[in-house]
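**Q**
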Amino acid sequence: MAEDTCFFNLSNFAELNQFLHECVDDLISKRQIKFGTFENNDTKWTQDNFDKAVKYIQNCYRKSVVGGKLHLDPSINDDVADAIRKCYEFRKADIQQALVKDALLRKGDCVVENIDWKLKWILGSSSLASLREPLLQVFFHCVEKHDSRMEKKTVQFEAGLNQLDSLIEELTKLKQTLAVETSSLN
1 MAEDTCFFNL SNFAELNQFL HECVDDLISK RQIKFGTFEN NDTKWTQDNF DKAVKYIQNC
61 YRKSVVGGKL HLDPSINDDV ADAIRKCYEF RKADIQQALV KDALLRKGDC VVENIDWKLK
121 WILGSSSLAS LREPLLQVFF HCVEKHDSRM EKKTVQFEAG LNQLDSLIEE LTKLKQTLAV
181 ETSSLN
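Per UniProt numbering: the sequence shown = residues 1 to 186.
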């Protein structure tokens, strides 16, 4: 496969690094990689070579996250292989997160993409202005897959101090459970 991907011949490492990071951005659905960005460089890309190079890098990174080790074609020159490894190590968490999100969405699960919160103080009454109670508003921005389309939604709730303490306890237990399950996978 490596002989078909002319990016291994790139002499400009800034361009190679840009290409590698854009491959990751495309893999994690952050931004689609475009042939036009790399069309006029020293390697004289063709659309076919470009597509093969993108596919090779993305497959290497995808398999590395799943398998735990980065396997590269031995014919790749050492400097290029080093750049591929450095990009992988730098972006590994992004790749893992995107692959987990994709797997969860394929199963039909709802995935929380972002959390916003506000803390408000509620006054007891106008005559008792010194009596205040904190109220936390939480907004979970989620995405679900319905058929072949993604649907975004926001789940909102409010919690007082007691409810917030219970929520923190449950989330802490969940985090510990996930840490134990994750460590048993490795």
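Even glycine gets a Cβ: it sits at the ideal position worked out from N, Cα and C.
Would you mind sorting D4 into buried or exposed? The rule is 16 or more other CB atoms within 10 Å of its CB.
**A** Low confidence applies here, because D4 scores a pLDDT of 46, under 50, leaving its location unreliable and the question unanswered by this model.
**Q** Indicate whether Y56 and I95 have their beta-carbon atoms separated by less than 9 Å.
**A** Cβ atoms of Y56 and I95: not closer than 9 Å.
**Q** Could you tell me whether the Cβ of K107 comes closer than 9 Å to any Cβ of chain C?
**A** Protein chains in the displayed structure number just one, and chain C is not present.
**Q** With a cut-off of 8 Å on the beta carbons, I'd call T83 and F13 a contact; round off their distance for me.
**A** The question names Thr, but residue 83 in the sequence shown is Ala. Going by Cβ atoms, the distance from A83 to F13 rounds to 6 Å, so yes, they are a contact pair.
**Q** Buried or exposed for W121, going by 16 or more other Cβ atoms inside 10 Å?
**A** Exposed, by the Cβ-count rule.
**Q** Pull up the distance between the alpha-carbon of E133 and that of I168, whole angstroms please.
**A** Rounded to the nearest angstrom, the two C-alpha atoms are 18 Å apart.
**Q** Kindly give me the distance between the Cβ atoms of E113 and V143, rounded to whole angstroms, as I take these residues to be in contact under 8 Å.
**A** Right, their Cβ atoms sit about 6 Å apart.
**Q** Could you check the C-alpha separation between F139 and K118 for me, to the nearest Å?
**A** Approximately 9 Å between the Cα atoms of the pair.
**Q** Any idea what DSSP makes of I84, helix, strand or coil?
**A** I84 falls in the helix class under three-state DSSP.
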